[in-house]
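Worksheet for the structure shown next.
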Ligand SMILES: C[S@@+](CC[C@H](N)C(=O)[O-])C[C@H]1O[C@@H](n2cnc3c(N)ncnc32)[C@H](O)[C@@H]1O
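Residue numbers (my numbering): 96 to 379.
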């Protein structure tokens with residue numbers, strides 16, 4: 096059933112994740128999780144589950160918060176990352192996501208895993224968080240910030256709900272300046288951002304997120320480029336996307352295979368983007 100949104104960007108995000116290709120792809124290829132995996136030297140690109148768990152453990156290590164700390168997962172999807180933080184890192188996690196079907200699935204999976212005390216999930220937009228000031232010791236985003244229509248407003252909200260000294264960790268994409276890549280690569284990036292509802296990615300050139308964090312009142316602690324560590328999975332998606340993308344082209348139904356198109360474009364034009372971990376502290 097269609098969810099109603101006043102905001103055109105949120106409606107576009109809903110359309111992207113509600114489409115059959117997204118639902119089936121994420122469910123059957125990644126078990127419902129929607130983030131890249133972390134690979135060390137020699138690790139096979141096809142072991143997606145192990146790689147995603149390593150990425151989540153990297154998040155836990157970057158948060159580096161004591162057990163029982165209250166943490167917000169902004170853009171939590173079906174809550175697999177939140178459950179990893181609760182189960183393997185001892186954190187008390189609240190997740191928020193705009194999609195009602197994600198939140199229903201997040202609650203169902205937490206109940207099944209016996210994690211309803213350590214995790215809870217709400218439908219909501221992270222540009223307008225339904226929490227009082229200084230509610231959380233930590234906050235993280237895992238591959239969601241590119242969807243933002245107003246990154247500065249979202250960072251202001253993150254700062255508001257974080258306690259003074261609270262930790263912010265963001266696993267997010269950035270983009271190479273237009274002048275440094277080919278016109279084809281720029282066109283491909285614009286197409287991916289448009290069709291997968293990721294307006295912020297267009298403005299998040301390398302280094303811009305850290306500047307925004309500084310302007311929002313965070314002290315950036317580190318900014319690490321881990322593109323090489325997630326590229327094996329991007330290369331696997333490039334191969335998986337080949338057949339559906341080809342079928343979409345010859346049937347003129349390309350608009351139905353946005354994920355296959357994105358997988359093909361992102362790997363083909365990998366010079367046009369990076370993937371990084373940004374850690375910062377609320378300086379209040
Ligand atoms: C790529 S998925 C990542 C999900 C989850 N973090 C994970 O790693 O599995 C991005 C998620 O962000 C959510 N999202 C996008 N914009 C949002 C917003 N303004 N407020 C809350 N959630 C949002 C989407 O609904 C989607 O579930």
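The C-beta atom is built at its ideal place from N, Cα and C for all residues, glycine as well.
Cβ of residue i within 7 Å of Cβ of residue j?
i	j	result
residue 165	residue 182	no
residue 219	residue 173	no
residue 317	residue 271	no
residue 302	residue 239	no
residue 291	residue 357	yes
residue 370	residue 268	yes
residue 248	residue 221	no
residue 150	residue 128	no
residue 364	residue 280	yes
residue 214	residue 177	yes
residue 104	residue 257	no
residue 329	residue 241	no
residue 64	residue 325	Within the shown structure, residues of the chain are numbered from 96 to 379, placing residue 64 beyond reach of any answer.
residue 237	residue 367	no
residue 116	residue 352	yes
residue 55	residue 305	Shown here, the chain extends from 96 to 379; a query on residue 55 therefore has no answer.
residue 379	residue 227	no
residue 71	residue 153	Since the first residue of the chain shown is 96 and the last is 379, residue 71 is not available in this structure.
residue 158	residue 189	no
residue 155	residue 354	no
For ligand 1, I want to know if residue i counts as a neighbour, meaning its beta carbon is within less than 6 Å of at least one of the ligand's heavy atoms.
i	result
residue 194	yes
residue 43	Lying outside 96 to 379, the shown extent of the chain, residue 43 is not represented and no answer is given.
residue 245	no
residue 129	yes
residue 220	yes
residue 172	yes
residue 242	yes
residue 176	yes
residue 354	no
residue 202	no
residue 197	yes
How many whole angstroms separate the CB atoms of residue i and residue j, which I take to be in contact at a CB cut-off of 8 Å?
i	j	result
residue 160	residue 245	Wrong, their Cβ atoms sit about 27 Å apart, outside the cutoff.
residue 185	residue 209	Actually they are not in contact, since the Cβ atoms of residue 185 and residue 209 sit about 15 Å apart, beyond 8 Å.
residue 266	residue 372	6 Å
residue 263	residue 234	5 Å
residue 216	residue 206	With 8 Å as the limit, residue 216 and residue 206 do not qualify as a contact, their Cβ atoms being about 11 Å apart.
residue 287	residue 360	5 Å
Is residue i close to ligand 3? I mean its beta-carbon at under 6 Å from any heavy atom of the ligand.
i	result
residue 108	For ligand 3, the structure offers nothing, since it holds only ligand 1.
Answer with yes or no whether the minimum CB distance from residue i to chain B is below 7 Å.
i	result
residue 361	Chain labels in this structure do not include chain B; a single protein chain is all it has.
* To do: Decide yes or no for the touch test of the region 296–314 against the region 323–338: beta carbon pairs closer than 8 Å, at least 3 of them.
  => no
* Would you mind listing the alpha helix (DSSP H) stretches within the region 252–301 that are 4+ residues and don't spill past its ends, in chain order? => 278–290 and 294–298
* To do: Run through the region 131–190 for me and flag every whole beta strand (DSSP E) of 3 or more residues, listed as ranges in chain order.
  => 165–169
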